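The block underneath contains the structure these notes are about, expressed in structure tokens.
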Amino acid sequence: MKIDCKPNEVARRIIQAFPREYNERDPFRVLVNTILSQRTRDENTDEASRRLFSKYKGPASIANARAEDLYELVRPAGMYRQKAERIVSVARELLKRYQGKVPSEIHKLLELPGVGRKTANIVLNVSFGIPALAVDTHVHRISNRLGWVKTKMPEDTERELTNLLEEELWGPINGSMVEFGRKLCKPRKPLCDNCPVKQCCDSYLASKNSY
DNA sequence: AAAACGGGGGC
DNA sequence: GCCCCAGTTTT
Numbered sequence: 001m002k003i004d005c006k007p008n009e010v011a012r013r014i015i016q017a018f019p020r021e022y023n024e025r026d027p028f029r030v031l032v033n034t035i036l037s038q039r040t041r042d043e044n045t046d047e048a049s050r051r052l053f054s055k056y057k058g059p060a061s062i063a064n065a066r067a068e069d070l071y072e073l074v075r076p077a078g079m080y081r082q083k084a085e086r087i088v089s090v091a092r093e094l095l096k097r098y099q100g101k102v103p104s105e106i107h108k109l110l111e112l113p114g115v116g117r118k119t120a121n122i123v124l125n126v127s128f129g130i131p132a133l134a135v136d137t138h139v140h141r142i143s144n145r146l147g148w149v150k151t152k153m154p155e156d157t158e159r160e161l162t163n164l165l166e167e168e169l170w171g172p173i174n175g176s177m178v179e180f181g182r183k184l185c186k187p188r189k190p191l192c193d194n195c196p197v198k199q200c201c202d203s204y205l206a207s208k209n210s211y
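When the letters of the first sequence are read in order and numbered with the UniProt record's numbering, they come out as residues 1 to 211.
Structure (structure tokens):
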């Protein structure tokens with residue numbers, strides 16, 4: 001039987017094969033966890049998050065902390081000083097401007113320190129259920145491999161995927177692409193043999209035909 | 001447009 | 001030992 005290779009169908013297959021469930025929806029914790037995850041592997045992110053929230057319970061607690069103390073706490077999990085400073089800064093800014101509550105408007109999120117397009121969109125999606133594409137390295141790499149986009153700029157990928165994928169897929173595709181990217185569609189030496197969508201992948205088909 | 005942040009894991 | 005990682009900020 002033939003596989004439907006329309007992007008929406010391929011995306012649905014990936015989401016089904018690599019589900020990502022979020023056990024944390026609290027906006028502030030999602031925001032902090034997402035900042036912790038920037039350029040950092042999931043295992044380190046999880047450990048840093050446990051360490052952080054075992055000592056500091058919320059925005060006010062972190063806002064009153066010394067950045068240096070927070071840094072020493074999360075450093076064993078591969079976090080750097082700049083990131084600890086960012087988390088203290090964003091907590092203070094939230095307290096000052098929004099009574100410690102994370103806003104749900106994209107433009108307000110983007111004004112916060114340490115929050116860029118990926119982080120803002122993940123918070124919108126995970127915490128507020130607002131459809132938002134978070135184009136990280138996994139989404140960017142895999143979209144290019146599949147042949148959905150042909151660009152080096154993540155902003156271009158975000159714009160093209162917005163047109164390519166149904167709105168209901170914008171949220172779930174990010175988390176599932178991350179799982180997919182970690183388990184199979186790795187940056188180097190992807191495990192194509194076990195891939196559920198290899199028959200729809202430009203990169204796989206090209207490598208297969210090159211023998 | 002490119003550098004800097006940064007410890008830990010894969011190879 | 002070298003390179004990369006759920007990016008963002010600064011130069």
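For every residue, glycine included, the Cβ atom is placed at its ideal position computed from N, Cα and C.
Please read these numbers as outputs of a predicted model, since none were measured by experiment.
Q) Can you tell me the Cα-Cα spacing of THR40 and GLY78, whole angstroms? A) 8 Å
Q) What are the complete beta strand (DSSP E) segments, minimum 3 residues, inside the UniProt domain "HhH-GPD" (36-183)? A) none
Q: Can you tell me the Cβ-Cβ gap for LEU36 and LYS83, rounded? I've got them flagged as a contact below 8 Å.
A: 7 Å
Q.
At the level of alpha carbons, what is the spacing between SER89 and ASN121?
A. When rounded, the distance between both Cα atoms is 20 Å.
Q. In or out: LEU109 buried (at least 16 other Cβ within 10 Å) or exposed?
A. buried
Q) When the Cα atoms are used, what is the spatial distance from residue 212 to CYS200? A) Nothing in the structure corresponds to residue 212, since the chain is present only between 1 and 211.
Q) Ends of the alpha helix (DSSP H) at LEU205? A) 202-209
Q. Is the distance from the Cβ of ALA11 to the Cβ of PRO59 below 8 Å?
A. no
Q | Exposed unless 16 or more other CB atoms sit within 10 angstroms - verdict on GLU24 | A | exposed
Q. At which residues does the alpha helix (DSSP H) containing GLN16 begin and terminate?
A. 7-17
Q) Hey, out of ASN163, GLU167, HIS138, GLU155, whose CA is closest to LYS183's CA? A) Selected option, being the one with the closest Cα: HIS138.
Q.
Are there any heavy atoms of the ligand MG lying less than 7 Å away from the beta-carbon of SER207, as far as the coordinates show?
A. With respect to the ligand MG, the structure offers nothing, as it holds no ligand at all.
Q. Helix, strand or coil for ASP193 per DSSP?
A. helix
Q) Whose C-beta lies closer than 6 Å to the C-beta of ARG13 among residues of the same chain, with five residues either side of it excluded? A) PRO196, VAL197
**Q.** Buried/exposed call for LYS118, threshold 16 Cβ in 10 Å
**A.** buried
(Q) Going by DSSP in three states, PRO27 sits in which element: helix, strand or coil? (A) helix
Q. Could you give the distance in angstroms between the alpha-carbon of VAL32 and the alpha-carbon of ASN144?
A. Linking VAL32 to ASN144 through their CA atoms gives a straight-line distance of about 29 Å.
Q | Closest by C-alpha distance to GLU179, when choosing among LYS6, THR157, GLU105, ASP42 | A | ASP42
(Q) According to DSSP, simplified to helix, strand and coil, what is LYS198? (A) helix
**Q.** Nearest-angstrom beta carbon gap, ALA48 and TYR56 [assumed within contact, 8 Å]
**A.** No, TYR56 and ALA48 are not in contact; Cβ-Cβ is about 12 Å, not under 8 Å.
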